[in-house]
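J.: Got a structure for you, written out below as structure tokens; questions coming shortly.
In full-length UniProt numbering, the protein residues as written are 1 to 118.
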């Protein structure tokens, strides 16, 4: 029987997570994308703590009238600004099993533009 889209994504996500993990010096930038929103957080997997997070539901971002791809770029920029304040410059990008395309790519480009390195 064929896999559903979500089952396929979860398999890919597990395959990625075997390799990508975050430390305090280089946290993991985890992305979750729903149909309407996009969420990103910096995770230290050693201690299991979230360093900073941003989403399209934040007040300053949700008030922007823009397409979902443009909103994703704003989320990436907001997360990068929070990360730089927390003293994080380099991250490991975890696309969460999603294709590096569209909103996920836009989020990554926004974070790079704001100064994160990955």
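Positions of the beta carbon are idealized from the N, C-alpha and C atoms, including for glycine. Being a predicted model, the structure only gives us computed values, none of them experimental.
Going by Cα to Cα distance, which pick from 106, 108 and 99 is closest to residue 6?
T.: 99
J.: Can you grab the Cα-Cα spacing for the pair residue 13 / residue 89, in whole Å?
T.: Taking the straight line from one Cα to the other gives about 24 angstroms.
J.: What residues match up with residue 29 in a beta bridge as DSSP calls it?
T.: 42 and 93
J.: Taking the alpha-carbon positions, what's the residue 62 to residue 107 distance?
T.: 15 angstroms
J.: Got a sec, what are the start and stop residues for the alpha helix (DSSP H) residue 85 sits in?
T.: For residue 85, the uninterrupted alpha helix (DSSP H) run begins and ends at 68-85, by DSSP.
J.: Is it buried or exposed, residue 29, if we count other Cβ atoms within 10 angstroms and call 16 or more buried?
T.: buried
J.: Could you compute how far the alpha carbon of residue 83 sits from the alpha carbon of residue 116?
T.: 8 angstroms
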